[in-house]
Structure formats: C-alpha cells, structure tokens
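Notes follow once the structure below has been shown.
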Amino acid sequence: MPAVLLKNISKTYDKGQVKAVNNVSFDVEQGELFGLIGPDGAGKTSIFRILTTVLLADSGEAKVGELDVVKDYRAIRNKVGYMPGRFSLYQDLTVAENLQFFATIFKTSIEANYALIKDIYEQIKPFNNRPAGKLSGGMKQKLALCCALIHKPEVLFLDEPTTGVDAVSRKEFWEMLRRLKQQGITIMVSTPYMDEASLCDRIALIQSGHIMSVDRPQTIIDRFPAPLYAAKSKDIYRLLKNFRSDTAVDSCYAFGEYLHMTLKDAHHTEAFIIERAAQYNAEDFEVKRITPAIEDCFIYLMRETDVAKPNLNVQAP
Ligand SMILES: Nc1ncnc2c1ncn2[C@@H]1O[C@H](COP(=O)(O)OP(=O)(O)OP(=O)(O)O)[C@@H](O)[C@H]1O
Numbered sequence: 001m002p003a004v005l006l007k008n009i010s011k012t013y014d015k016g017q018v019k020a021v022n023n024v025s026f027d028v029e030q031g032e033l034f035g036l037i038g039p040d041g042a043g044k045t046s047i048f049r050i051l052t053t054v055l056l057a058d059s060g061e062a063k064v065g066e067l068d069v070v071k072d073y074r075a076i077r078n079k080v081g082y083m084p085g086r087f088s089l090y091q092d093l094t095v096a097e098n099l100q101f102f103a104t105i106f107k108t109s110i111e112a113n114y115a116l117i118k119d120i121y122e123q124i125k126p127f128n129n130r131p132a133g134k135l136s137g138g139m140k141q142k143l144a145l146c147c148a149l150i151h152k153p154e155v156l157f158l159d160e161p162t163t164g165v166d167a168v169s170r171k172e173f174w175e176m177l178r179r180l181k182q183q184g185i186t187i188m189v190s191t192p193y194m195d196e197a198s199l200c201d202r203i204a205l206i207q208s209g210h211i212m213s214v215d216r217p218q219t220i221i222d223r224f225p226a227p228l229y230a231a232k233s234k235d236i237y238r239l240l241k242n243f244r245s246d247t248a249v250d251s252c253y254a255f256g257e258y259l260h261m262t263l264k265d266a267h268h269t270e271a272f273i274i275e276r277a278a279q280y281n282a283e284d285f286e287v288k289r290i291t292p293a294i295e296d297c298f299i300y301l302m303r304e305t306d307v308a309k310p311n312l313n314v315q316a317p
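Here's what the structure looks like:
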C-alpha cells in the first residue's frame, strides 16, 4: 500500500475559472523522500492542502495510507505532520512555547518523541526563550520542522520548506530530511528550486496543475531526447534572438550566464553551432556539450505537453 495516493484529483478556484490542480494522479511509496517540483502557482500548495485535509478537492480520490482524505480526515490529521509554505508558527511565542503548544494539541509531550527531534532541536535550543518571530529564516524552518514532528507522524508534508532560506541552511535542511527518512518517515516535500530534485528518491514535475513526469530524477534526465549545448558570447541577448530565429535550432533559452540549446538535427555538433555563431558575428563565442539538468527536462516537458508556460529564463538559484 502506498503511503500517499492521488487519483484524478482536480481543484478549481473562483467558480471554476482557476484550474489549480488538473486530473493529478501519482503515489508516494512508504519511506520515500518524494519531491513535488514546480514554479510558483503550479498547484503544489493546493495538493498539499488536499492531502492534509484542509482543502476539499472538486473530484478524484486521495488517500494517506489506507485513510481517505474526506471520510477519515480526523485520523489523517493525527497521522501526518504538515509544515505549510508560509511560516506557520506563533511569532510571539518563544521557541520552547511553540514546541510545547504543538505537543499539547497533539496530546503528547516534548519528552515522548524527543529522540526524533533531538538533532534538529539542539540546534535551536540556545534560542529557547526567543520569540519565533525574531529567529533567522533557517532557525524558523528548524523550529517549524520540530513542531511538525512532535507527534511522530508517519508521513511528513513539507510545502516549500527551503523557499527564502540561504544556501547553507538549505543544504542543512536536506541533510535533516535524509536523517528523518532513515528513521522510516515518509516525506513529501515541494520546492520551486529544481537543483533540489536530485536530493529526492523520486519527483513529480508539475506545471499549471498538470503532472508532466513522475520518476527518479536520474531517469528523467536520462530521457532527455537530444544532445544539449551551452553557448555564450559577449552579447548574449543578441545571440539568443539569433538562435531562436534559426531554423536549425530546436530550442534555445537563457540559463544563468549561458544559453542552453538543442538542434533539430541530432547529427549536428558543436562545429555546426560555431559556424552558425560565426554567421551572426557573435564575439567571444563559446559552446560545449553538457548533461541536462532537471530544469532542462522541465522546459522540454513543458514544450512537449504544451501546458501554460512561465518565464523560461530559468536561473539556477
Ligand atoms: N484560494 C484561492 N483562490 C483563488 N485562486 C487560488 C487560491 N489558491 C490558489 N489559487 C491559484 O491556484 C493556482 C495554484 O496555486 P497553488 O498555491 O496551489 O500553487 P503553488 O505551486 O503552491 O504556488 P505558490 O508557491 O505560489 O503557492 C495559482 O494560480 C493560484 O493563484
């Protein structure tokens, strides 16, 4: 039995005008660290809210273990930990008071499940008497994670836990998730940072309420259908325009300081691209073949599935 199951789940807002979740189906295995990956507005929060029983879907079926999100909502609430995207703690309560509060509403004590939160809590314990609102972003995340864990949930739902957190804290946070997974907790986590995909066992790529792919990150990368090149020149915007209007070029988009591109004819290589760039008088031109990242796969899948497109000028965070 999967730990989480969604079958043809749809959700609209504003009397059907906003299709937030569109016929979504996937499941999460017991003990898995599963990532729901997509940009702002893709539908991630709506899915989390449906699974944690705070939002009703318009149609479809969703389960946590054997429990149905509609019929068994009370039982689910005791079984899952939920860390919503927006900071969910009481800003005026101290670190210790927040933790005590969450323990009390779940009818447990900090001591009862201390082993589970110990590693994380010890990092914020020196700030025990500080109001949660006065903690740094990384500290807030750690406290929110402790609060979500205080009743020893079987499944942990973390909605964008690393958004707005600095790079070091993000890395630490993912290490904490790895350790929790080793303790047998199933974790479903959402993120707009596509570089975090490789830290998950499996991922679902979501855009405009559609799931475009569900698999292991490496399997999704291996399926990228064409050689991918990274190119740059002095005037990168002119180069982007030139390549985008070039009939030999299949796709070209800005990616950090480079353009990432594929060609219509897979037999063509760097030499062909150098020739084209010379025709465009591109100065200081460089090109190299690269391994696709999840962002590249995401952009490719968006073109393939023809869902509404966000800004394609993706930058690695
Ligand atoms: N209560 C609501 N009323 C109307 N539209 C909503 C509501 N909640 C979400 N939406 C819309 O539904 C779509 C999906 O939103 P959702 O919050 O589920 O996505 P998300 O991937 O979590 O993005 P974000 O990180 O920006 O919250 C968006 O277009 C959003 O504007």
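Anchor point for the sequence shown: position 33 equals 33 in UniProt numbering, and the numbering is continuous, going up by one each time. C-beta: ideal position from N, C-alpha, C; glycine also. Note that the coordinates shown come from a computational prediction; the quantities given were computed from them, not determined experimentally.
- CA-CA distance, residue 164 to residue 171, rounds to 13 Å.
- Remark: the C-beta of residue 40 is in contact range of ligand 1, defined as less than 7 Å to any heavy atom.
- Out of 32, 292, 19 and 88, the CA that lies nearest to the CA of residue 58 is found in 19.
- In this structure, residue 120 places its C-beta atom within 8 Å of the C-beta atom of residue 146.
- Distance from the CA of residue 65 to the CA of residue 55, rounded to the nearest whole angstrom, comes to 18 Å.
- Exposed is the label assigned to residue 168, since fewer than 16 other Cβ atoms lie within 10 Å of its Cβ.
- Per DSSP, residue 78 is one residue of the alpha helix (DSSP H) stretching across 73-79.
- Partner residues in a beta bridge of residue 225, as assigned by DSSP, do not exist.
- For residue 253, the enclosing beta strand (DSSP E) stretches over residues 249-255.
- For residue 20, there is no enclosing alpha helix (DSSP H); the enclosing beta strand (DSSP E) covers residues 18-28.
- With a threshold of 7 Å, the Cβ atom of residue 197 does not count as near ligand 1, since no heavy atom of the ligand is closer than that.
- Judged by their CB atoms, residue 37 and residue 204 are nearer to each other than the 8 Å cut-off.
- The closest heavy atom of ligand 1 lies 7 Å or more from the beta carbon of residue 24.
- Beta-bridge analysis with DSSP links residue 157 to 82 and 188.
- When the five nearest sequence neighbours on each side are left out, the beta carbons in the same chain lying within less than 6 Å of the beta carbon of residue 117 are those of 146 and 149, in order along the chain.
- Ranking 34, 33, 26 and 21 by CA distance to the CA of residue 45 puts 21 first.
- For residue 152, the closest of 112, 282 and 161 by C-alpha to C-alpha distance is 112.
- DSSP places residue 182 in the uninterrupted alpha helix (DSSP H) bounded by 167-182.
- Ligand 1 never approaches residue 168 closely enough for any of its heavy atoms to be under 7 Å from the residue's Cβ.
- In the three-state DSSP reduction, residue 1 falls in the coil class, being neither helix nor strand.
- Boundaries for residue 270: no beta strand (DSSP E) harbours it, while the alpha helix (DSSP H) harbouring it runs 270-279, taken from the DSSP string.
- By the neighbour-count criterion, in which a residue is buried when 16 or more other Cβ atoms sit within 10 angstroms of its Cβ, residue 142 is buried.
- Judged by the Cβ position, residue 44 qualifies as a neighbour of ligand 1 at the 7 Å threshold, a heavy atom of the ligand being closer than this.
- One Cα belongs to residue 292, the other to residue 210, and the distance between them is close to 22 Å.
- In this structure residue 207 is buried. Its beta-carbon is surrounded by 16 or more other beta-carbon atoms within 10 angstroms.
- In the displayed model, residue 106 falls within coil according to three-state DSSP, outside both helix and strand.
- In the three-state DSSP reduction, residue 98 falls in the helix class (H, G or I).
- The beta carbon of residue 144 sits closer than 8 Å to the beta carbons of 83, 87, 88, 89 and 161 from its chain, once the five residues preceding and following it are set aside; these are given in chain order.
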